[in-house]
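*Asks:* Protein chains in written order, with the numbering used here: chain A, -5 to 108; chain B, 86 to 198.
All residues carry an ideal CB built from backbone N, CA and C; glycine is no exception.
Fair warning: this is a prediction, and the values are worked out from it, not measured in the lab.
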Amino acid sequence: DQQVKQNSPSLSVQEGRISILNCDYTNSMFDYFLWYKKYPAEGPTFLISISSIKDKNEDGRFTVFLNKSAKHLSLHIVPSQPGDSAVYFCAAQNSNTGFQKLVFGTGTRLLVSP
Amino acid sequence: EPEVTQTPSHQVTQMGQEVILRCVPISNHLYFYWYRQILGQKVEFLVSFYNNEISEKSEIFDDQFSVERPDGSNFTLKIRSTKLEDSAMYFCASSEGRHYEQYFGPGTRLTVT
Chain A
-5 DQQVKQNSPS LSVQEGRISI LNCDYTNSMF DYFLWYKKYP AEGPTFLISI SSIKDKNEDG
55 RFTVFLNKSA KHLSLHIVPS QPGDSAVYFC AAQNSNTGFQ KLVFGTGTRL LVSP
Chain B
86 EPEVTQTPSH QVTQMGQEVI LRCVPISNHL YFYWYRQILG QKVEFLVSFY NNEISEKSEI
146 FDDQFSVERP DGSNFTLKIR STKLEDSAMY FCASSEGRHY EQYFGPGTRL TVT
């Protein structure tokens, strides 16, 4: 089941620069997308979400972009900070089914160096 | 800030034993979930629960698994007759509504020996 893919297992960025994390999906029925951050031995922490009626959502340093035609979303973190070092998961949901399950990608490990 | 809590943080059990994983969702949330993550793999959906009944379950959630909300605050996942392949991190989550962000607990690491 590869409905949500994060093709980069890891990303290294210098502090202050932009981090761009990418996610692709194959199921065109997905209409709600979320990004989670996960530290070791902790649960996923919700960061930001976007509905398919939008193409951009911003919250502080975090911006999510959605390109429905390409079935692609990205998370931009500007400026990146060492505390952002974690594994980032994108997740997708099909709200039209009435169901709530989130389908997760495999995650991208972000390392922000000072 | 309200958060989802889970107990225990780590559970070791022998194959064939029953385990109960406990969760306290965020108090005003109405939807509750269990997910699991086998080491090195994706976070996978197991089940969602609303209004005292299962609203959705995955193919993983077979007769070995059950969920319950025994009182107004706890939400439990029971695994009967555990197998080695049940070893994983189990995450509880909750949300205000059906299509709202889901908030996750810190997880229970289940080790089946």
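(1) In whole angstroms, what separates the C-alpha of A35 (chain A) from that of S79 (chain A)?
(2) Y188 (chain B) and F40 (chain A): beta carbons closer than 8 angstroms?
(3) Please report how far the alpha carbon of K32 (chain A) lies from the alpha carbon of G101 (chain B), in whole angstroms.
(4) Per DSSP, which residues does Y206 (chain B) bridge with? Please list them.
(5) Which whole-angstrom value describes the C-beta separation of G182 (chain B) and Y116 (chain B), a residue pair presumed to lie in contact below a C-beta threshold of 8 angstroms?
(6) Looking only at its own chain, which residues have a Cβ that is under 6 angstroms from the Cβ of L15 (chain A), when we skip the five neighbours before and after it?
(7) Is the Cβ of E36 (chain A) closer than 8 angstroms to any Cβ of chain B?
(8) Starting from F189 (chain B), find everything on chain A with Cβ-Cβ shorter than 9 angstroms and list it in chain order.
(9) Closer than 8 angstroms, CB to CB, is H114 (chain B) near chain A or not?
(10) So, do the stretch 103 to 111 of chain B and the stretch 156 to 164 of chain B have three or more beta carbon pairs nearer to each other than 8 angstroms?
(11) How many angstroms separate the CA atom of S180 (chain B) from the CA atom of F98 (chain A)?
(12) Would you mind sorting P38 (chain A) into buried or exposed? The rule is 16 or more other CB atoms within 10 Å of its CB.
(13) For the putative contact between L96 (chain A) and F146 (chain B), defined by C-beta atoms under 8 angstroms, what is the C-beta separation to the nearest angstrom?
(14) Does DSSP classify E129 (chain B) as helix, strand or coil?
(15) So is Q87 (chain A) in contact with chain B if we call contact Cβ pairs under 8 angstroms?
(16) Which term fits P210 (chain B), buried or exposed, when burial requires 16 or more other beta carbons within 10 angstroms of its beta carbon?
(17) Which chain A residues sit within Cβ distance under 9 angstroms of V97 (chain B)?
(18) Are the C-beta atoms of K168 (chain B) and some chain A residue less than 8 angstroms apart?
(19) Run through DSSP, which three-state label would D53 (chain A) get?
(20) CA-CA distance, T92 (chain B) and S63 (chain A)?
*Replies:* This is what the structure gives:
(1) Straight-line Cα distance between these residues: approximately 14 angstroms.
(2) Against a cut-off of 8 angstroms, the Cβ pair of F40 (chain A) and Y188 (chain B) comes out as a contact.
(3) 31 angstroms
(4) Because chain B in this structure spans residues 86 to 198, residue 206 (chain B) falls outside the shown range and cannot be described.
(5) 7 angstroms
(6) L69, Y82, T102
(7) Output row for E36 (chain A): interface = yes.
(8) Y30, K32, E36, G37, P38, T39, F40
(9) With 8 angstroms as the cut-off, H114 (chain B) does not count as an interface residue toward chain A.
(10) Segments in contact, yes.
(11) Cα to Cα, the separation comes out at about 17 angstroms.
(12) buried
(13) Not quite, the Cβ-Cβ distance comes to about 15 angstroms (not below 8 angstroms), so this is no contact.
(14) strand
(15) Closer than 8 angstroms: yes.
(16) Outside the modelled stretch of chain B, which goes from 86 to 198, sits residue 210 (chain B), for which no answer is possible.
(17) Neighbours of V97 (chain B) on chain A: none; closest Cβ ~16 angstroms, over 9 angstroms.
(18) no
(19) In this structure, D53 (chain A) counts as strand in the three-state DSSP scheme.
(20) 43 angstroms
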